[in-house]
Amino acid sequence: MKFELYKIMINRLYLATLIVLLLIMITDVFILRDGAFEFFLRDYDLISVMRKADNMSDAEFNEFYNYLITTYGENGDKYTDSLLVPGKYAATRIIESRLAIYYSFALEKYSQTQHERLNFVRTANRLGQQAVNQGDTYNIRRNMNIINIYSQEIDFGRIPVVNDFEKYYFSNTLIDFFILILTVLFSSTVFSNDKQCGINILFMSAKNGRRTSTVSKYLSIAIHAFCISFLFHFILLLSLHMKYGLSGWLKPIAAVDIMSHTPLDINVLQFVIITAIFKALAVIAFAFICCMISFFSYSNFFSYVLSFAILSVFYGYYFIVRSPNIPEVFRVFDFIFLTRIIEYLNNYYTANLFGFPVMWYWLHLCFWTLISSFLFGICVFISNDKHKQGGY
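Residue numbering for the sequence shown follows the working numbering, starting at 2 and increasing by one per position.
Written out as C-alpha cells, the structure reads:
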C-alpha cells in the first residue's frame, strides 16, 4: 500500500494541479474576498476585547454594553472622527464602535432565532395532535422529536458569530469542486496506468497477487482521498484565521445565521469537523467510481475522459434534483449532496423509515457507503476470478 501511495504522490500532473488549486484557494481568501468581509473580525485585538467581555459578570457587561451604545449608537452610527479625542487611541475607538455593531446585531439575531425555534415547537404541538387523531405513527414521533429538540433554550453567550465567515466557509462550493477534480487525477488511472506500463503482468506470477494489488490500490485511494479533503479544509481555515482571526468556535452552531434552524446540539468546531468528515466520505465514494472505471480501462486518457464525464453528469443531476418540487429521495442518488451536507443539517429533514423519522443525511451516507463497498467488492471478486483463469 505504501508503494501505491508513493505512485500517487509522484504523479506530476496531479501534483502540479494540487499546487495550482491550493494557490487559487489561498489567493481567493487573501486577495479576492475583501469585499465579502467588509464587516469581518479583522483584528486580533477586537477578538481579545470580545473574549474579555464574554467573561464579565452580568452587571459589568451591562455597564460596558450601555457605554458602547451610548457612545456609538446601537448600529455604530454615532461614530465620527470627533470621537478620536486625546487619551483614546484611534484603534480603540474603532474596536469599540465595531463592538457596538456586533453586539447589537447578535442580540437581535439570537432573540429572533429563539422566537423562530419556539414557533417550531408550537407548530409541532398542533401537527402532533392532528397526527394522534389520525393514528399517524410517523408524524407523532417526528413532531415529538421536534418538540424535544427545539424547546431547549440555547445559550448563545456574548461573543457573536459573524455571518460572513459562515457564509464563506460553510457554503463554499469552490473547494469541493477542486477536491473532486483532484480525485479524478489521482484515482482514475490507478489501474489503467499499470496496464499501459505492463506492470500488472507481474502480479499474475504470484498467488493472489492481483487481488492483493487491487485491495492495496483501493485502500491507498481511500486514505489519500480522505487526507486531501481534510488538507484543503485545514488550509482554508488556516488562511481565514491568518487573515481575519476567527472566534466563536465553542458557540452553538445554531448561533450561525444560516444554521439557526438546525436540530444539532453541537458547537461550531464540532460542526466543522462533522461536515469535513461527510465531505471526505463523498470524495472517497467518487474516488471508488473512478477506480472502477480504471479497473476496466486500458487507457489513461479514456479513464480521465470518462471520469470527468461522470462528474459532469452528477453535477448536472445535482442542479436538477435540488429543486424543492422534486422528492427528497432522488437526492440520495447523487454524492454531490454529501459535499453540500449543510443543506441536510440546517433543518429537521427526515424520511419515513418504517414509521420512524430518520434524518436524510444518514440514509444518504449509508447509501453511498454501500455503493462504495459494492464497487470495491466487485473489483476484488473479478481479480480473484481472473487470476484463476490465468490472466486477462
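Glycine included, each C-beta is placed from N, C-alpha and C at the ideal position.
Where in the stretch 243-314 do unbroken runs of the alpha helix (DSSP H), each at least 4 residues long, occur, reported from the N-terminal end onward?
269-297
Go through its chain and collect everything with a Cβ distance to Asp-235's Cβ below 8 Å, but skip five positions before and after it.
A quick correction: the sequence has Phe, not Asp, at residue 235. Around Phe-235: no qualifying Cβ.
So what does DSSP say about Val-359, is it helix, strand or coil?
strand
Whose C-alpha, out of Glu-344, Ser-373, Ile-383, is nearest the C-alpha of Met-260?
Glu-344
Distance, Ser-240 Cα to Phe-38 Cα
Any reading at Phe-38 must be qualified, since the residue scores a pLDDT of 37, below 50, and its modelled position is unreliable; the value itself is stated next. Approximately 14 Å between the Cα atoms of the pair.
Have a look at the DSSP bridge pairing and note the partners of Thr-351.
Met-360
Restricting to Cα atoms, I'd like to know which of Ala-60, Val-284, Arg-143, Leu-346 is closest to Leu-232.
Val-284
In whole angstroms, what is the alpha-carbon distance linking Asn-348 and Gln-130?
21 Å
With a threshold of 16 other CB atoms inside 10 Å of the CB of Met-243, please say whether the residue is buried or exposed.
exposed
Can you give me the C-alpha to C-alpha distance between Phe-357 and Ile-150, rounded to a whole angstrom?
16 Å
Out of Phe-303, Leu-270, Phe-287, which has the shortest C-alpha to C-alpha gap to Phe-315?
Phe-287
How many angstroms separate the CA atom of Asp-258 from the CA atom of Tyr-362?
21 Å
Label Val-269 either buried or exposed according to how many other C-beta atoms from any shown protein chain fall within 10 Å of its C-beta, with 16 as the threshold for buried.
buried
Roughly how many whole angstroms lie between the Cα atoms of Phe-368 and His-116?
36 Å
Using CA atoms only, rank isn't needed, just tell me which of Val-359, Ala-255, Thr-124, Phe-320 is closest to Ala-107.
Ala-255
Return the residue from the list Ser-58, Phe-272, Ser-105, Lys-53 that minimises the CA-CA distance to Ile-70.
Ser-105
How long is the line joining the alpha carbons of Asn-326 and Phe-320, rounded to whole angstroms?
12 Å
On the CB-based measure, 16 or more other CB atoms within 10 Å of its CB, does Tyr-15 come out buried or exposed?
buried
Give every residue of the same chain whose Cβ lies closer than 6 Å to the Cβ of Gly-317, excluding the five residues on either side of it in the sequence, and list them in chain order.
none
When you compare the stretch 216-224 with the stretch 322-341, are there three or more beta-carbon pairs, one atom per stretch, that lie closer than 8 Å?
no
Distance, Ile-222 Cα to Ile-229 Cα:
10 Å
With H, G and I counted as helix, E and B as strand and the rest as coil, what does DSSP make of Phe-121?
helix
From Ile-20 to Val-185, what distance separates their C-alpha atoms?
15 Å
CB-CB under 7 Å to Lys-110, same chain, minus the five flanking residues each way: which ones, in chain order?
Asp-258
Below 7 Å between beta carbons: does that hold for Leu-312 and Leu-181?
yes
In the structure shown, what three-state DSSP assignment does Met-57 receive?
coil
Same chain only: Cβ atoms within 7 Å of Thr-114, ignoring 5 sequence neighbours per side
Ala-255, Ser-261
Have a look at Asp-177, Ser-214, Arg-127, Ala-281 and flag the residue whose alpha-carbon is nearest the alpha-carbon of Val-191.
Ser-214
May I ask you to report which of helix, strand or coil DSSP gives Asp-29?
helix
If you run the structure through DSSP and keep just helix, strand and coil, what is Asn-326?
coil
Judging by CA-CA distance, which residue of Arg-143, Ser-152, Asp-137 is the nearest neighbour of Val-122?
Ser-152
Please list, in chain order, all residues of the same chain as Tyr-90 whose beta carbon is under 6 Å from its beta carbon, the five residues on each side excluded.
Caution applies to Tyr-90, whose pLDDT of 42 falls short of 50 and renders its modelled position unreliable; the model cannot decide the point.
At what residues does the alpha helix (DSSP H) containing Arg-142 begin and finish?
138-151
Identify which residue in Arg-211, Asn-353, Leu-183 has its Cα closest to the Cα of His-225.
Leu-183
Leaving aside the five residues before and after Phe-227 along the sequence, list all residues of the same chain whose C-beta is less than 7 Å from its C-beta, in chain order.
Ala-281, Ile-285
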